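Numbering (the numbering used here), first residue to last: 1 to 127.
Here is the structure we will look at.
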Amino acid sequence: MSDQAVINVQKILENSPSRITTHYHIPLKAYLSVDDTNTYMWCDVNQAWIASKRDLQNDVLVLEFELLNSAGFSKLGLHPCPHCKSSQQCYASIGISNELSLDCDRCGFSLEVDSECFSQIQKQLIQ
1 MSDQAVINVQ KILENSPSRI TTHYHIPLKA YLSVDDTNTY MWCDVNQAWI ASKRDLQNDV
61 LVLEFELLNS AGFSKLGLHP CPHCKSSQQC YASIGISNEL SLDCDRCGFS LEVDSECFSQ
121 IQKQLIQ
């Protein structure tokens, strides 16, 4: 895998603005705080949490801090499995040390992905 990480998970975790931070939205480059009923986004300009009108944590390419800290990885979005072709049970994931992978819950397929390949997967996830 390339030394140049697509996403620097350690840096994202280290730069978290608050203990109540629960997620990081990669496309928006924004920290999120999610509770049972509300989603907030950190505003660097105001140095404050701002209420979001939609559940940004359900978007693709969002790191979940609790999962990163407990399991060592976060699922980033669904991607068709290259082995069984399932489009609903194969996830692109990133580990706490920036390792990237595709993992299928249906057939057990697992593949470590280099950062160049992940860039293509990331484009497909956003579409």
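No residue lacks a Cβ here, since even glycine has one placed at the ideal position from N, Cα and C.
The structure displayed is predicted, hence computed values, not measured ones.
Give the secondary structure of glutamate 64 by DSSP, where H, G and I count as helix, E and B as strand, and everything else as coil.
Walking along the sequence shown from the start, residue 64 turns up at place 64. Three-state result, glutamate 64: strand.
Which residue comes first and which comes last in the alpha helix (DSSP H) that contains lysine 11?
For the purposes of this step, residue 11 is identified with residue 11 of the sequence shown, where counting begins at 1. 9-14 is the span of the alpha helix (DSSP H), which, as asked, contains lysine 11.
Does the contact criterion of 3 or more C-beta pairs under 8 Å hold for the region 65-79 versus the region 35-51?
no
Under a three-way DSSP split, which group does lysine 53 fall into?
For the purposes of this step, residue 53 is identified with residue 53 of the sequence shown, where counting begins at 1. Lysine 53 falls in the coil class under three-state DSSP.
In angstroms with no decimal places, state the Cα-to-Cα distance between aspartate 3 and lysine 75.
For the purposes of this step, residue 3 is taken as the residue at position 3 of the sequence shown. For the purposes of this step, residue 75 is taken as the residue at position 75 of the sequence shown. No answer about aspartate 3 holds up, because its pLDDT of 40 lies below 50 and its placement is not dependable.
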